[in-house]
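Asker: There's a structure below that I have some questions on.
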Amino acid sequence: MKKIAFLFALNLIYLMSFSQDSFNQKFLEANTLMEESMFNIALPIWLNLSTENPNNCNVDYKIGVCYINSGTEKKKALPYLEKALGKTSSNYDPFSSSEQNSPIETYYYLARAYHINTQLDSAMTYYNLFKSKISKKHYLFNEVDHNLKQCENAKLFVAKPVNIEVNNLGKTINTEYPEYSPVLSLDESTIYFTSRRLRKDSSNYFIKDVDDGQYFEDIYVSNNYDGLWTEPELLNLNSEGHEATINLSVDGQTLFIYKDDNGNGNLYSSNYSADNQWSTPILLGSDINSEAQETHVAISPDENTLYFVSDRKGGLGGQDIYFCNKLPNGEWAKAQNIGNAINTPYDEDGVFIHPDGKTMYFSSHGHTSMGGYDIFYSIKNEDGTWSTPVNIGYPVNSTDDDVFFVTSVDGKRGYYSSIQEKGFGEKDIYMISLVDAEEKPLTLLTGLLKVIGEKETPSDAQIVITNNLDGSLIGIFKPRKKDGKFSIILEPNIDYHIVYSALTFKQEEDLFVPEVSSFKEINRGIDLQNIIFGAQPTDSLANNTGNETTKDNKNPKDNTNSKDNVVKNNTKDKNENVLSSYQELFNYNVKTITLSNSNYMNFIAKAADIISSGSKITIEIEASASKVPTKTFDSNYDLAKHRGEEAKETILKSLSEKGINSDKMVTFKKIKSLVQGPKYKGDFDNKEAYEKYQYVKITLR
């Protein structure tokens, strides 16, 4: 019996020794990983050791620190750090596997955990306790004051939340894997985003990032048709490494990408080609990329200024926002720091330039952040300086990191990635409706450019826009290849000339954009009649296009010379086939045609005679308002629009009174609404200057 007892004791000592060796080995491995900032890989080792040693406060502390430094699971740190606080020691040895206590820094990380969990009073209590236990030379001393200020900011923002509605983009876009960094086309019909999912063909099944064990970042694209997102497609520019979306140019033809080049983050661009492919990404020029980390980039709508984020030496803090101006030769000038109106002693990231060209959204640890990165916006002044950044508020911003936020053209919606309990995976992409946000007065020109008989929009299809005043080129734009959809931002108070072309077809029109947009849904903007080139096989096909002007286009067999196929919608230049016309000038705010006017009565009589003879007619209406402010309508553009609509209703009523059924015999082209004339100078009585721009012109063809 003594021999058996001795052997049992010996075996127990051996097992304890082996177990201790195993613990020491795991401790050393996890500690080394933390030293290399590989917190995600170290975490499961610490969790395993915690199971083996449930009362080890040092292990609990290490788990808490790993969670705090994780990308998506920071909130899980709280119970471990609360437990670790039970045994703190000023003689703490971070490298000893026999250390059972936690360091003084546990107070700080516990405060951070409360902060991230929005338990702000507790956070402030433990920040202050930590500060009382350290000297001014401690590396976290100044950080504590910054964290306390963030807590104060957070309490203010949480007390006055902004009015938002949050919608998950759905399981077509989001998966069990992380999806993030969305960028969208102007009309929000195309989204590019980054995902770490398993590819559909499983080609990345055995390729994972050793740092976190996840699949490498890939870029996907999805299109929205009738409110539904299509199955995301993998872009052809992806490699076996990391490629992440950053930004998209206003015309949708240039995609900006982040790539991790062996630990050195660099910025690239890729262009959309005529064959529906993205070009091989190329490094951005000048001194945009450096030996430092460059993480984000955005370009102004006119593509003359590039903004990017870098942690290079000589900045105002960690990561700063820089900009480059385009030189006359098309190259980028040397990078300049954007200055301390935007940059702080802390990190900035996620820069995004709104299509208005003057609103910058970005993320910052500084300013009035409520914790981690918060999203701010700043307005560029006329003198080139930037306004004081404004926090977009809670709950868009949280006490954790909030980065990579993009908005719609009208500023009423935002897209970003978030971690939420009811999501489909680790990170999902959401659309938030900013209910109380002020609408941005921008005009978005949208439409379709198609050629009947062609499966896709021809590769040479384009929209060329010039300024009617001086003939200067505004831009050359390409419609979306799959469906011909295009979206173009137009500056206000300019008279534009627009030329649509594809194959041998060509169509032109003039369009004036008023100084102050009155659109209730800015993202819809001006919906042109669809440009559908080619022959119409049946009337039903014409009706399906939603386009009343397609019958003006010539049969393809006659299209041997593109010059013969120019269809000008500009009524002031197009006098052929005009059968009759009527124009009436109005006093201020008047919008109703004078029925007793003999010229109007003659116009209606002419239209009635043509219809009675069995012929169909086409009526064009051009309605105009001057720039004298209107009190009756929301804007001068609304006044012009009402004039046109009233004219149409009056014509229909007049024809009906003559017994004419206009449903089958009369086609109305889309009403052209204009705001014209000299800028109002307060001289209300100067009718000679303004009244000639207050009219309705009706043309019968």
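The opening position of the sequence shown corresponds to residue 21 in the numbering used here, with each subsequent residue numbered one higher. Just so it is clear, CB atoms sit at the ideal spot from N, CA and C, and this is done for glycine as well.
Report the rounded CA-to-CA distance for Pro-252 versus Ile-449, giving the unit in angstroms.
Answerer: When rounded, the distance between both Cα atoms is 13 Å.
Asker: Between the Cα of Val-182 and those of Val-426, Val-416 and Gln-45, spot the shortest distance and give me the residue it belongs to.
Answerer: Per the Cα distances, Val-416.
Asker: Could you check what DSSP says for Asp-281 in three-state terms: helix, strand or coil?
Answerer: Asp-281 falls in the strand class under three-state DSSP.
Asker: Between Val-317 and Asn-267, is the Cβ-Cβ spacing less than 8 Å?
Answerer: Contact: yes.
Asker: Return the first residue and the last residue of the alpha helix (DSSP H) that Phe-623 is part of.
Answerer: Note, Phe-623: alpha helix (DSSP H), 618-632.
Asker: Does the distance from the C-beta atom of Asp-369 to that of Thr-315 stay below 8 Å?
Answerer: Yes, they are a contact pair.
Asker: In three-state DSSP terms, what is Ile-33?
Answerer: Confidence at Ile-33 is low in this model, with a pLDDT of 41, below 50, so its placement is unreliable and the value that follows should be read with caution. It is helical.
Asker: Nearest by alpha-carbon distance to Asn-345: which of Gly-337, Asp-331, Glu-323 and Gly-338 is it?
Answerer: With distances taken between Cα atoms, Asn-345 lies closest to Glu-323.
Asker: Alpha carbon to alpha carbon, what distance is there between Lys-447 and Gln-440?
Answerer: Taking the straight line from one Cα to the other gives about 8 Å.
Asker: Note down, in chain order, each residue of its chain lying with its Cβ closer than 7 Å to the Cβ of Glu-119, except the 5 sequence neighbours on either side.
Answerer: Around Glu-119: Asn-78, Tyr-112 and Asp-113.
Asker: Take Pro-198 and list the residues in its own chain whose beta-carbon comes closer than 6 Å to its own, dropping the five residues that flank it on each side.
Answerer: Arg-216, Glu-446 and Lys-447.
Asker: So does the stretch 381-398 actually touch the stretch 407-415, counting three or more Cβ pairs closer than 8 Å?
Answerer: Judged by Cβ distances under 8 Å, the stretch 381-398 makes contact with the stretch 407-415, as three or more pairs qualify.
Asker: What is the rounded straight-line gap between the Cα of Val-241 and the Cα of Leu-255?
Answerer: The alpha-carbon atoms of Val-241 and Leu-255 are separated by roughly 7 Å.
Asker: Starting from Ala-667, follow the alpha helix (DSSP H) in both directions and report where the run begins and ends.
Answerer: Segment 656-677, the alpha helix (DSSP H) holding Ala-667.
Asker: For Val-533, is the classification buried or exposed, using 16 other Cβ atoms within 10 angstroms of its Cβ as the cut-off for buried?
Answerer: Buried, because 16 or more other Cβ atoms sit within 10 Å of the Cβ of Val-533.
Asker: Do Ser-383 and Asp-331 have their CB atoms nearer than 8 Å?
Answerer: No, these two residues do not count as a Cβ contact at 8 Å.
Asker: Can you pull the DSSP bridge partners for Asp-246?
Answerer: Asp-246 is not bridged to any residue.
Asker: Using CA coordinates, which residue listed in Ser-70, Lys-684 and Met-451 is at the minimum distance from Thr-638?
Answerer: Among Ser-70, Lys-684 and Met-451, the Cα nearest to that of Thr-638 belongs to Lys-684.
Asker: Just mark Glu-72 as buried or exposed, buried being the case when its beta carbon has 16 or more other beta carbons within 10 Å.
Answerer: Label assigned to Glu-72: exposed.
Asker: Jot down the residue ranges of each uninterrupted alpha helix (DSSP H) in the stretch 91-148, minimum 4 residues, whole runs only, in chain order.
Answerer: For the stretch 91-148, whole alpha helix (DSSP H) runs of length 4 or above, ordered along the chain, are 97-104 and 126-136.
Asker: Rank Glu-260, Leu-189, Asp-271 and Asn-296 by C-alpha distance to the C-alpha of Lys-279 and give the top, closest one.
Answerer: Among Glu-260, Leu-189, Asp-271 and Asn-296, the Cα nearest to that of Lys-279 is on Glu-260.
Asker: Going by C-alpha to C-alpha distance, which of Ile-630, Tyr-602, Glu-311 and Ile-613 sits closest to Glu-640?
Answerer: The option with the nearest alpha carbon to Glu-640 is Tyr-602.
Asker: Should Gly-467 and Phe-506 be called a contact, given that it needs their Cβ atoms to be closer than 8 Å?
Answerer: A contact, by the Cβ cut-off of 8 Å.
Asker: Measure the C-alpha to C-alpha separation of Lys-157 and His-166 and round it to an integer number of angstroms.
Answerer: Going from the Cα of Lys-157 to the Cα of His-166 covers about 16 Å.
Asker: From Glu-642, Glu-93 and Pro-74, pick the residue whose C-alpha is nearest to that of Phe-688; which is it?
Answerer: Minimum Cα distance to Phe-688 is reached at Glu-642.
Asker: Going residue by residue through the stretch 432-494, where are the continuous beta strand (DSSP E) segments of at least 3 residues, counting only ones entirely within it?
Answerer: List check, beta strand (DSSP E) in window: 433-438, 448-454, 463-471 and 482-487.
Asker: Do the CB positions of Ile-358 and Tyr-381 come within less than 8 Å of each other?
Answerer: Cβ atoms of Ile-358 and Tyr-381: not closer than 8 Å.
Asker: Are three or more beta carbon pairs between the stretch 512-521 and the stretch 481-488 nearer than 8 Å?
Answerer: Segments in contact, yes.
Asker: Determine whether the beta carbon atoms of Ile-399 and Thr-379 lie at a separation below 8 Å.
Answerer: Against a cut-off of 8 Å, the Cβ pair of Thr-379 and Ile-399 comes out as a contact.
Asker: Straight-line CA distance for Asn-513 to Gly-495?
Answerer: Taking the straight line from one Cα to the other gives about 17 Å.
Asker: State the CB to CB distance for the pair Thr-274 and Tyr-212, rounded to an integer number of angstroms; the pair is presumed to be in contact (CB under 8 Å).
Answerer: 11 Å between Cβ atoms; not a contact.
Asker: Leu-720 and Ser-635: beta carbons closer than 8 Å?
Answerer: No.
Asker: Compute the Euclidean distance between the alpha carbons of Leu-130 and Tyr-436, then round it to the nearest angstrom.
Answerer: Going from the Cα of Leu-130 to the Cα of Tyr-436 covers about 28 Å.
Asker: Rounding to the nearest angstrom, what Cα-Cα distance links Asn-581 and Lys-501 in this structure?
Answerer: Because the pLDDT of Asn-581 is 33, which lies under 50, any placement of that residue in the model is unreliable, and the question is left without a value.
Asker: Taking three-plus beta-carbon pairs below 8 Å as touching, is the stretch 132-147 in contact with the stretch 92-112?
Answerer: Enough Cβ pairs lie closer than 8 Å, so yes.
Asker: Could you please give the first and the last residue of the uninterrupted alpha helix (DSSP H) stretch that includes Glu-72?
Answerer: From DSSP, the alpha helix (DSSP H) with Glu-72 extends over 59-72.
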